[in-house]
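I have placed the structure first, in the form of structure tokens, so that the comments after it can refer back to it.
Numbering (this note's numbering), first residue to last: -12 to 638.
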């Protein structure tokens, strides 16, 4: 078979035994059954490269260049290989060699975990400190290197942030003069939308980030591509938890904030209180002597929207947003989804250059050609310049929201680039993620305490999938850990059912349907599928499901007792003639005999009779006959107590 190699052939090439190579491949997460199994040339190349560092001498090679300073190296979440190399002052290839020694294959654009970053820095003999991503260099400074003939002003990219229900989407709806909010379940935005409006002859691009706390990661993505943040604060509610979260995201991104004090038309509106509260977060309004622009608005009444738009353009002028339209076309994926009849659809923000139909694209691990692109109004576009949001059709798969894209040389080279990115992604997964899962599993077995709730997530768009994933992972506690077996965009399929059956997982769908065949298979396999449109309900139901995984806690509830007033000898054993002074005694409950305040026997009743009838229970004030199961030492004066163990609800 072309493009494949047998395991035994690969072992011979690597001067290893078949058993050694098979163990190594299983370690890396590559399933092989025997020495005659085949692997792709791509996988074989990866294995050769990953095995190479291990075969070298123990001492690691000295760094190509010694760092000239002892100053700690700043590392931060989401740091790429290229950024780490720049921080170390070494070529990216040197960092990649160090990672190779750790059995991690990484491209220069791959992001690294904090522990990996720390290990690489230490390998170069440097100390590190953990911080946040430095604020981006102001565009004004970049214009000095741009060609004047190709330099143009670009529209500002504005992200609307704020607490849930403070009117973010309503504000954008008023600006666009369309009705977006009616399309969202529960009146709360479920995923990012990108829109462009025109005001005073200039364009403004808006990103609408969801306000619910579960969508923290999506909101952070919005801040990474934005120039200006509009912080929406309700005049009646004031500063709320997600308001503070939005402030932190904006400050971390190093972008200016314009505060829109919304709902000034409601009876309890108090804009001055909002201004005072914001001073606690080092945001002083202009009329208080500060430099934070604040505009009082009413999205419903469309009050002062012109002032807000003018404020955006004024701040944009100060930023001096210019771009070289002749530069390489690149940008960021804002959202991605799978649409029936259209395939993968990605909402992209062009940040440099000009994107046109027919352009070959490399988008993370995906590739394709721009077959068609439309704007937020559904109109087809022949070109899209910087700061323009477009919906693109023509990719081979659904990319990850937040992926960067660029135009490739041609479709073939784009496919190769995406293939390389996929290989590197798989290598990292084999070298790190897979082993970490095994370590977690071993810890669970050793401790004998933690249980796992396995979950498969399917969503309509990548942003929703990511938000659901993070919400569920946050539900983990000391007794139950949520393990996301798989998460992706699209309808629930038969493949999902089979995976759920094999991993004993629950399938959760968010804004998706279930294939008819998949539903039938799920019934046959006993797999539970739950589909939701509101994230609050999803989280609440999973929390309840987790409670079902916890060891139940019981409490004893005494039902009543009977006094033994006589004992009758029968062939079946002694029958206690009793009177019930309190509560009730029941035949199927737990039973104990109490003598002089001490429990002398615990068990069950063999029979409970009232007069000549067998009964289930005898209430207060009645006499009865009780035969105990396996206890013959009953005596007059004993108490026979009925009780049961009831499970205590866990909230």
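Even glycine gets a Cβ: it sits at the ideal position worked out from N, Cα and C. Remember, predicted model here, so these are calculated numbers, not experimental data.
Residue environment, residue i, which counts as buried when at least 16 other CB atoms sit within 10 Å
| i | result |
| --- | --- |
| residue 527 | exposed |
| residue 355 | buried |
| residue 183 | buried |
| residue 370 | exposed |
| residue 633 | exposed |
| residue 399 | exposed |
| residue 258 | buried |
| residue 618 | buried |
| residue 630 | buried |
| residue 503 | exposed |
| residue 229 | buried |
| residue 6 | exposed |
| residue 591 | exposed |
| residue 623 | exposed |
| residue 113 | buried |
| residue 433 | With a pLDDT of 46 at residue 433, under the threshold of 50, the modelled position of that residue is not reliable, and the figure given next carries that caveat. Exposed. |
| residue 283 | buried |
| residue 141 | buried |
| residue 524 | exposed |
| residue 453 | buried |
| residue 212 | buried |
| residue 456 | buried |
| residue 205 | Because residue 205 carries a pLDDT of 48, less than 50, the predicted location of this residue cannot be relied on, and the following value inherits that uncertainty. Residue 205 comes out buried. |
| residue 425 | With a pLDDT of 28 at residue 425, under the threshold of 50, the modelled position of this residue cannot be trusted, and the question is left open. |
CB of residue i within 8 Å of CB of residue j, strictly
| i | j | result |
| --- | --- | --- |
| residue 191 | residue 145 | yes |
| residue 613 | residue 553 | no |
| residue 446 | residue 476 | yes |
| residue 357 | residue 346 | yes |
| residue 580 | residue 572 | no |
| residue 158 | residue 219 | yes |
| residue 341 | residue 379 | no |
| residue 621 | residue 568 | no |
| residue 353 | residue 303 | no |
| residue 459 | residue 551 | no |
| residue 68 | residue 99 | yes |
| residue 244 | residue 227 | no |
| residue 250 | residue 285 | yes |
| residue 442 | residue 388 | no |
| residue 300 | residue 187 | yes |
Euclidean distance between Cα positions of residue i and residue j
| i | j | result |
| --- | --- | --- |
| residue 366 | residue 390 | 24 Å |
| residue 291 | residue 449 | 35 Å |
| residue 276 | residue 262 | 12 Å |
| residue 507 | residue 515 | 11 Å |
| residue 349 | residue 253 | 49 Å |
| residue 79 | residue 403 | 21 Å |
| residue 64 | residue 71 | 11 Å |
| residue 273 | residue 156 | 26 Å |
| residue 117 | residue 84 | 23 Å |
| residue 293 | residue 485 | 55 Å |
| residue 576 | residue 543 | 11 Å |
| residue 317 | residue 392 | 5 Å |
| residue 28 | residue 34 | 10 Å |
| residue 82 | residue 74 | 11 Å |
| residue 87 | residue 215 | 40 Å |
| residue 295 | residue 323 | 30 Å |
| residue 298 | residue 289 | 16 Å |
| residue 107 | residue 76 | 13 Å |
| residue 264 | residue 161 | 26 Å |
| residue 329 | residue 147 | 29 Å |
| residue 616 | residue 559 | 10 Å |
| residue 556 | residue 603 | 22 Å |
| residue 601 | residue 566 | 16 Å |
| residue 62 | residue 104 | 7 Å |
| residue 520 | residue 498 | 5 Å |
| residue 605 | residue 582 | 21 Å |
Any non-hydrogen atom of the ligand MG closer than 7 Å to residue i Cβ
| i | result |
| --- | --- |
| residue 226 | Among the components modelled here there is no ligand, and therefore nothing to report on the ligand MG. |
Contact with chain C by residue i, beta-carbon distance below 8 Å
| i | result |
| --- | --- |
| residue 98 | Although the question refers to chain C, the structure presented lacks it and comprises just one protein chain. |
Checklist entry - Do the region 368 to 382 and the region 329 to 349 meet, that is, are 3 or more Cβ pairs less than 8 Å apart? => result Judged by pairs of C-beta atoms under 8 Å, the region 368 to 382 touches the region 329 to 349, as three or more such pairs exist.
Checklist entry - What beta strand (DSSP E) runs, 3 residues minimum, are completely inside the region 221 to 307? => result Within the region 221 to 307, the beta strand (DSSP E) runs of at least 3 residues that lie entirely inside it are, in chain order, 244 to 249, 280 to 283.
Checklist entry - Which runs of the beta strand (DSSP E) spanning at least 3 residues fall entirely within the region 320 to 401, listed in chain order? => result 330 to 339, 347 to 350, 353 to 361, 375 to 382, 391 to 394
Item to check | Every unbroken beta strand (DSSP E) inside the region 545 to 610 [3 residues or more] | outcome: 562 to 573, 577 to 582, 585 to 590, 592 to 597, 604 to 606
Checklist entry - Quick one: complete beta strand (DSSP E) runs, 3+ long, within the region 493 to 534? => result 516 to 519
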